[in-house]
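Down below is the structure, laid out as structure tokens.
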Amino acid sequence: MLKAISNIILTFLRFFWEKGKKILLKNITAAASTGKIYIEYRKTKRTTMSGVPYSEGVLRVVDKDGSIIWQRAARSGGFGKGDLPDGEYKAVWFTWTQAKGMVQFGVGWLLSLLPQFKTDRTQICIHLDQPPRGSEACIVFDAADKADAEASGKMFESLLAKYQEIEMDVR
Numbered sequence: 001m002l003k004a005i006s007n008i009i010l011t012f013l014r015f016f017w018e019k020g021k022k023i024l025l026k027n028i029t030a031a032a033s034t035g036k037i038y039i040e041y042r043k044t045k046r047t048t049m050s051g052v053p054y055s056e057g058v059l060r061v062v063d064k065d066g067s068i069i070w071q072r073a074a075r076s077g078g079f080g081k082g083d084l085p086d087g088e089y090k091a092v093w094f095t096w097t098q099a100k101g102m103v104q105f106g107v108g109w110l111l112s113l114l115p116q117f118k119t120d121r122t123q124i125c126i127h128l129d130q131p132p133r134g135s136e137a138c139i140v141f142d143a144a145d146k147a148d149a150e151a152s153g154k155m156f157e158s159l160l161a162k163y164q165e166i167e168m169d170v171r
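In structure tokens:
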């Protein structure tokens, strides 16, 4: 049943992107041309939460051939200085953690991101979200269950072990 729901969501997201966001195809092509996997966060909604910039969008891992190998609805901001600034990043470090705000279903992990531009933002990462919803600048998402929380962490851990660093684009 979970797989069927995931397929429905993926079909909806693909339709949405193909219908309204042609620029996405250019980004996937660019990712494919690097010959490596690529992470991207595409903001589909920008707003504020308690006066702090907040975005919702899609976090995905794109394979070297341009195919999407993983994606989730995600969000950034709502606290601190707000959502993650647009730009290029590199994922450089992964760890399992039980840190507050990064744990779902007893599973926690983080993938650390280094901005490739000048910013005063620090401690930027991708991780699971834990109430209250949102982040101070990280990209966060919800796992469907414990197995999904573990699988997403293991995926990022193994990709980083294979490539040592992973390019990421935020728009």
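At position 137 of the sequence shown (counting the first as 1) the number is 137 in full-length UniProt numbering, and the numbers step up by one without a gap.
Beta carbons: idealized from backbone N, C-alpha and C, even for Gly.
Does residue i come out as helix, strand or coil in the three-state DSSP assignment?
i, result
"Ile28", "Reliability of the predicted coordinates at Ile28 is poor, the pLDDT of 39 falling under 50, and the value obtained from them is presented with this limitation in mind. Here Ile28 sits in helix by DSSP."
"Ser67", "coil"
"Met102", "coil"
"Glu136", "coil"
"Ala91", "strand"
"Glu157", "helix"
"Glu40", "strand"
"Glu167", "strand"
"Ser152", "helix"
Considering only their Cβ atoms, is the gap separating residue j from residue i smaller than 9 Å?
i, j, result
"Ile139", "Arg75", "yes"
"Ile124", "Pro131", "no"
"Gly51", "Ser135", "no"
"Ile69", "Val58", "no"
"Tyr89", "Asp145", "no"
"Thr119", "Gly82", "no"
"Phe141", "Ser112", "no"
"Arg121", "Tyr41", "no"
"Ile166", "Lys36", "yes"
Under 8 Å from any heavy atom of the ligand PLP, does the C-beta of residue i make it?
i, result
"Leu110", "Absence of the ligand PLP is noted for the structure shown, with no ligands found whatsoever."
Which one of the options has the shortest CA to CA distance from residue i?
i, options, result
"Lys43", "Leu84, Ala143 and Asp120", "Leu84"
"Ala149", "Leu111, Ser55, Tyr89 and Gly106", "Gly106"
"Ala143", "His127, Glu167 and Ala161", "His127"
"Lys100", "Phe117, Arg133 and Val92", "Arg133"
"Leu159", "Ala73, Ala91, Arg121 and Glu40", "Ala91"
"Pro53", "Gln71, Phe79, Asp129 and Ile39", "Phe79"
"Ala73", "Ala147, Met155, Lys154 and Asp129", "Asp129"
"Ile39", "Phe156, Ala151 and Met102", "Phe156"
Using DSSP bridges, identify the partner residues of residue i.
i, result
"Gly77", "Tyr54"
"Gly108", "Val103"
"Arg46", "Ser55"
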